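Down below is the structure, laid out as structure tokens.
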Amino acid sequence: LRTMLWDESWIIDFRQIKHDQIARTTMGSILSAPIANSDSNASCVTALSSCTTHANSRKQLFTHTGIYDGRTVAIKRIQTKTFSLSKTIRREVKQVRELDHPNLCKFFGGCVEIPNVAIITEYCPKGSLNDVLLNDEIPLNWGFRFSFATDIARGMSYLHQHRICHGRLKSLNCVLDDRWVCKITDYCLTIYRREDAAEPLSSYQMRLREVYTPPECQTSNQEPTLPGDVFSYSIILLEIATRSDPVPVEDSSLESAWCPPLPELISGKADNTCPCPAEYVELIRRCRSHNPVHRPTFEQIRKFVYRINPNKVSPVDMMMNLMEKYSKHLEVLVAERTQDLMHEKQKTDRLLYSMLPKQVADDLRQGKPLQAQSYVSATVFFSDIVGFTHLSSTSTPYQVVDFLNKLYTTFDDIIDNYDVYKVETIGDAYMVVSGIPRENGIQHAAEIASMALDLVGVCRTFRIPHKPNTQLQIRAGIHSGPVVAGVVGTKMPRYCLFGDTVNTSSRMESTSEALKIQVSSSTFYLLEEIGGYLLQCRGMLQVKPIIQSIFTAPAVSREMKTAGLGQGSTSGEQVRVP
Numbered sequence: 001l002r003t004m005l006w007d008e009s010w011i012i013d014f015r016q017i018k019h020d021q022i023a024r025t026t027m028g029s030i031l032s033a034p035i036a037n038s039d040s041n042a043s044c045v046t047a048l049s050s051c052t053t054h055a056n057s058r059k060q061l062f063t064h065t066g067i068y069d070g071r072t073v074a075i076k077r078i079q080t081k082t083f084s085l086s087k088t089i090r091r092e093v094k095q096v097r098e099l100d101h102p103n104l105c106k107f108f109g110g111c112v113e114i115p116n117v118a119i120i121t122e123y124c125p126k127g128s129l130n131d132v133l134l135n136d137e138i139p140l141n142w143g144f145r146f147s148f149a150t151d152i153a154r155g156m157s158y159l160h161q162h163r164i165c166h167g168r169l170k171s172l173n174c175v176l177d178d179r180w181v182c183k184i185t186d187y188c189l190t191i192y193r194r195e196d197a198a199e200p201l202s203s204y205q206m207r208l209r210e211v212y213t214p215p216e217c218q219t220s221n222q223e224p225t226l227p228g229d230v231f232s233y234s235i236i237l238l239e240i241a242t243r244s245d246p247v248p249v250e251d252s253s254l255e256s257a258w259c260p261p262l263p264e265l266i267s268g269k270a271d272n273t274c275p276c277p278a279e280y281v282e283l284i285r286r287c288r289s290h291n292p293v294h295r296p297t298f299e300q301i302r303k304f305v306y307r308i309n310p311n312k313v314s315p316v317d318m319m320m321n322l323m324e325k326y327s328k329h330l331e332v333l334v335a336e337r338t339q340d341l342m343h344e345k346q347k348t349d350r351l352l353y354s355m356l357p358k359q360v361a362d363d364l365r366q367g368k369p370l371q372a373q374s375y376v377s378a379t380v381f382f383s384d385i386v387g388f389t390h391l392s393s394t395s396t397p398y399q400v401v402d403f404l405n406k407l408y409t410t411f412d413d414i415i416d417n418y419d420v421y422k423v424e425t426i427g428d429a430y431m432v433v434s435g436i437p438r439e440n441g442i443q444h445a446a447e448i449a450s451m452a453l454d455l456v457g458v459c460r461t462f463r464i465p466h467k468p469n470t471q472l473q474i475r476a477g478i479h480s481g482p483v484v485a486g487v488v489g490t491k492m493p494r495y496c497l498f499g500d501t502v503n504t505s506s507r508m509e510s511t512s513e514a515l516k517i518q519v520s521s522s523t524f525y526l527l528e529e530i531g532g533y534l535l536q537c538r539g540m541l542q543v544k545p546i547i548q549s550i551f552t553a554p555a556v557s558r559e560m561k562t563a564g565l566g567q568g569s570t571s572g573e574q575v576r577v578p
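With the UniProt record's numbering applied, the sequence shown corresponds to residues 1 to 578, in that order.
Laid out in structure tokens, this is it:
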């Protein structure tokens, strides 16, 4: 024993400690994000700051750390101008070196040379229990809370078995290691740290000390006692239950003997509700009894907490369970987000494919060079509104926009039934093509002709919103021939058609008549070959070059266009161009 007393192997040269440049705040945590729509506490890996404030009077707590002997250690600096390594201090060091328990922070040594007097202990990266409890971003189920209460009871039971009184037990002196095991620190070494001339306590810190001090010690200078530690433990139990500070914000009117009220716990099967509220509250009541004799020992407390705790698993196992729940939830969440992403992609694709042909849009999205493509035969359709200039002059711009939007939305719904591609709308002009970009033989003429008859037909019943008594009239023109198509521009790119076929189709429209569809001879020959359409010869037109035009008969019915294809007209005479 004498050898142990005078053994100085615990003395550490302060210069041997590699100090961190930045003092570490308490902790990084693996528990941060609760699972949505779940009553369990799941988690994800993140780093959390545990700085908390209390009415602007509570200071952020820092743990000074360093590297000693290859491991991170906590450094408790003793602010003193004089220090003597007395026999009493040697006894304290000998006593603390003999202690070894998984719920006590291990003592590694101390520095005894002024001005670097310090106590070097085990560093727990999760920080203090107080910081964890006050951090709302950390979802702690009652399995973890019971684990904390049990760990503290075990550590204190070990100290009391060695007749050691802590005297400063509070949630700030209970720290969590990287496996979420709660360990007690700042025990023993009372004389070693007695000369610590740290900054004076704030009003909050003084009030906090009073709350943790048992009533028998508040009116006298009595030394800390074992039952006094039990009283302090009751305050920690209350903090664990409420996850709130034991000192209220408005405490100026509180008496010195004030004690935090008992928590109102709700029973339930959910992880965030206490499984045994009555027993838990009764334990707090017994631990803070005004008569020290009536307070239980920590060994009794340990057994009681173990009995009422339904989750008798280690924090690591609880974390694994939480991570498994989180993993399953994450899989569901990823699947939901993937489904949402697919829906949004489909919306984007629909919008993009409504602006550009699918193949062209895909090539443009992949960054492929876009080259103009030549088509041997296609049919182009143009239409505009008869008397649109006069209609616009007697309407407001908003009325015109609303009218055109309603009309062309109706047109868009109709052309979805045909193998056609809407090129663009400019003002009241509506341009559609078939055979581009997907070639369909000579069927493009029939697709455009049938579509045109539907568009003219719907105009007979269409009502202009702000002029319901005005009959809407459009005129249309169709021409078939070779076309070159390509994308023009990189900002707001447009899929454009080029060639004489486009110009001729536009002229067929501009020289047409109201509610009639004027087709060129080239389109007529294709429709004649396909069959099922009734047309009337209009004659020769001067439209650069001079071409013969034909009107499609406005009386053609839906049945004639579909069931009668290839069978000729059932009424009237089909006109053939020589």
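All C-beta atoms in this analysis are idealised placements derived from N, C-alpha and C, irrespective of residue type, glycine included.
Values in this document were obtained by computation on a predicted structure and should not be read as measured data.
Legend entry - Beta-carbon proximity of residue 477 to residue 508, cut-off 8 Å: The residue you call residue 477 lines up with position 477 of the sequence shown. The residue you call residue 508 lines up with position 508 of the sequence shown. Their beta carbons are under 8 Å apart, which means residue 477 touches residue 508 by this criterion.
Inset, instruction - For the beta strand (DSSP E) containing residue 379, list its first residue and its last residue. - result: On the sequence shown, position 379 is the one that residue 379 refers to. Taken as a continuous stretch (DSSP letters only), the beta strand (DSSP E) holding residue 379 covers 373-385.
Legend entry - Between the CA atoms of residue 222 and residue 67 - distance to the nearest angstrom: For the purposes of this step, residue 67 is taken as residue 67 along the sequence shown, with counting starting at 1. For the purposes of this step, residue 222 is taken as residue 222 along the sequence shown, with counting starting at 1. If I take the Cα positions, the gap works out to 39 Å.
Inset, instruction - Assign residue 558 to buried or exposed, taking buried as 16 or more other Cβ atoms, counted over all protein chains shown, within 10 Å of its Cβ. - result: As a first step, residue 558 is located in the sequence shown; it is residue number 558 there, counting from the start. At residue 558 the pLDDT is 37, less than 50, meaning the model places this residue with poor confidence and gives no usable figure here.
Inset, instruction - Using alpha carbons as the reference points, say which of 122, 391, 329 and 245 lies closest to residue 204. - result: Taking the sequence shown and counting its residues from 1, the one referred to as residue 204 is at position 204. Checked all of 122, 391, 329 and 245; the closest Cα to residue 204 is 245.
Legend entry - Counted within 10 angstroms of its Cβ, other Cβ atoms place residue 417 as buried (16 or more) or exposed: Along the sequence shown, one-based indexing puts residue 417 at 417. Its Cβ having fewer than 16 others within 10 Å, residue 417 is exposed.
Inset, instruction - Taking the CB atoms as reference points, tell me whether residue 186 and residue 126 lie closer together than 8 Å. - result: On the sequence shown, position 186 is the one that residue 186 refers to. On the sequence shown, position 126 is the one that residue 126 refers to. No, Cβ-Cβ distance for residue 186 and residue 126 is not below 8 Å.
Inset, instruction - Assign residue 479 to one of three DSSP states: helix, strand, or coil. - result: Indexing the sequence shown from 1 puts residue 479 at position 479. Note: residue 479 maps to strand in three-state DSSP.
Inset, instruction - To the nearest angstrom, report how far apart residue 471 and residue 407 are at their CA atoms. - result: Counting from 1 along the sequence shown, the entry for residue 471 is found at position 471. Counting from 1 along the sequence shown, the entry for residue 407 is found at position 407. Taking C-alpha positions only, residue 471 is separated from residue 407 by approximately 13 Å.
Inset, instruction - Can you grab the Cα-Cα spacing for the pair residue 32 / residue 147, in whole Å? - result: Sequence index remark: in the sequence shown, residue 32 carries index 32 (1-based). Sequence index remark: in the sequence shown, residue 147 carries index 147 (1-based). Because the pLDDT at residue 32 is just 34, under 50, the model does not fix this residue reliably, and the point stays unresolved.
Inset, instruction - Using only alpha-carbon positions, find the residue among 235, 231, 115 and 106 that is nearest to residue 176. - result: Translated into positions along the sequence shown, residue 176 becomes position 176. If you compare the alpha carbons of 235, 231, 115 and 106 with that of residue 176, the shortest gap goes to 106.
Legend entry - Coil, strand or helix - residue 117 by DSSP: Here residue 117 refers to the residue found at position 117 of the sequence shown. Note: residue 117 maps to coil in three-state DSSP.
Inset, instruction - Flag this pair as yes or no: are the beta carbons of residue 411 and residue 505 separated by less than 8 Å? - result: Translated into positions along the sequence shown, residue 411 becomes position 411. Translated into positions along the sequence shown, residue 505 becomes position 505. Not closer than 8 Å, so no.
Legend entry - residue 101 beta carbon less than 8 Å from that of residue 155: Within the sequence shown, the letter at position 155 stands for residue 155. Within the sequence shown, the letter at position 101 stands for residue 101. A distance below 8 Å separates the beta carbons of residue 155 and residue 101.
Legend entry - Rounded C-alpha distance that separates residue 12 from residue 110: Position 12 of the sequence shown, counted from the start, is the residue given in the question as residue 12. Position 110 of the sequence shown, counted from the start, is the residue given in the question as residue 110. Near 6 Å, if we compare the C-alpha coordinates of residue 110 and residue 12.
Legend entry - Residue span of the beta strand (DSSP E) that contains residue 468, given as start and end: Stepping through the sequence shown from its first residue, residue 468 is reached at position 468. 467-471 is the extent of the beta strand (DSSP E) around residue 468.
Inset, instruction - Provide the residue span of the beta strand (DSSP E) that contains residue 455, from first to last. - result: Indexing the sequence shown from 1 puts residue 455 at position 455. Element bounds for residue 455: not the beta strand (DSSP E) but the alpha helix (DSSP H), 443-461.
Inset, instruction - Express the C-alpha separation of residue 330 and residue 585 in angstroms, rounding to a whole number. - result: Given that the chain is displayed from residue 1 to residue 578, the structure contains no residue 585 and the question cannot be resolved.
Legend entry - C-alpha distance - residue 41 paired with residue 274, whole-angstrom precision: Along the sequence shown, read from residue 1 onward, the residue named residue 41 stands at position 41. Along the sequence shown, read from residue 1 onward, the residue named residue 274 stands at position 274. Residue confidence is low: residue 41 scores 35 on pLDDT, short of 50, so the model does not pin down where it sits. Its coordinate-derived value is still stated next. Taking the straight line joining both Cα atoms gives about 14 Å.
Legend entry - Nearest neighbour of residue 216, chosen from 228, 207 and 208 [CA to CA]: Residue mapping note: residue 216 aligns to position 216 of the sequence shown, counting from 1. Selected option, being the one with the closest Cα: 228.
Inset, instruction - Measure the Cβ-Cβ separation of residue 133 and residue 239 and say whether it is below 8 Å. - result: On the sequence shown, position 133 is the one that residue 133 refers to. On the sequence shown, position 239 is the one that residue 239 refers to. In this structure, residue 239 lies closer than 8 Å to residue 133 by Cβ.
Inset, instruction - Give me the Cα-Cα distance between residue 370 and residue 393, rounded to the nearest whole angstrom. - result: The count along the sequence shown starts at 1 and reaches residue 370 at position 370. The count along the sequence shown starts at 1 and reaches residue 393 at position 393. Between residue 370 and residue 393, the alpha-carbon positions lie close to 42 Å from each other.
Legend entry - Limits of the unbroken beta strand (DSSP E) element including residue 192: As a first step, residue 192 must be located in the sequence shown, where it is residue number 192. Premise fails: residue 192 is in no beta strand (DSSP E) and is neither H nor E.
Inset, instruction - Please name the residue, chosen from 81, 485 and 333, that lies closest to residue 493 on a Cα-to-Cα basis. - result: In the sequence shown, residue 493 corresponds to position 493, counting from 1. For residue 493, the closest C-alpha among the options 81, 485 and 333 is that of 485.
Inset, instruction - Answer yes or no: do residue 436 and residue 529 have a C-beta to C-beta separation smaller than 8 Å? - result: For this step, residue 436 is matched to residue 436 along the sequence shown. For this step, residue 529 is matched to residue 529 along the sequence shown. Remark: C-beta atoms of residue 436 and residue 529 do not approach each other more closely than 8 Å.
Inset, instruction - Closer than 6 Å by C-beta to residue 311: which residues in its own chain qualify, once you throw out the five before and the five after it? Chain order, please. - result: For the purposes of this step, residue 311 is taken as residue 311 along the sequence shown, with counting starting at 1. Counting only Cβ-Cβ distances below 6 Å, and skipping sequence neighbours, we find 143.
Legend entry - Pair within 8 Å by beta-carbon distance, residue 230 and residue 298: On the sequence shown, residue 230 is found 230 positions in, with the first residue counted as 1. On the sequence shown, residue 298 is found 298 positions in, with the first residue counted as 1. By the CB criterion at 8 Å, residue 230 and residue 298 fall inside the cutoff.
Legend entry - Span separating the alpha-carbon of residue 293 from that of residue 121: Locating residue 293 in the sequence shown gives position 293, counting from the first residue. Locating residue 121 in the sequence shown gives position 121, counting from the first residue. Rounded to the nearest angstrom, the two C-alpha atoms are 34 Å apart.
Legend entry - Spatial distance of residue 355 from residue 409 (CA atoms): Counting from one through the sequence shown, the residue named residue 355 turns up at place 355. Counting from one through the sequence shown, the residue named residue 409 turns up at place 409. When rounded, the distance between both Cα atoms is 15 Å.
Legend entry - Rounded C-alpha distance that separates residue 523 from residue 480: In the sequence shown, counting from the first residue as 1, residue 523 sits at position 523. In the sequence shown, counting from the first residue as 1, residue 480 sits at position 480. For residue 523 and residue 480, the distance between alpha carbons rounds to 5 Å.
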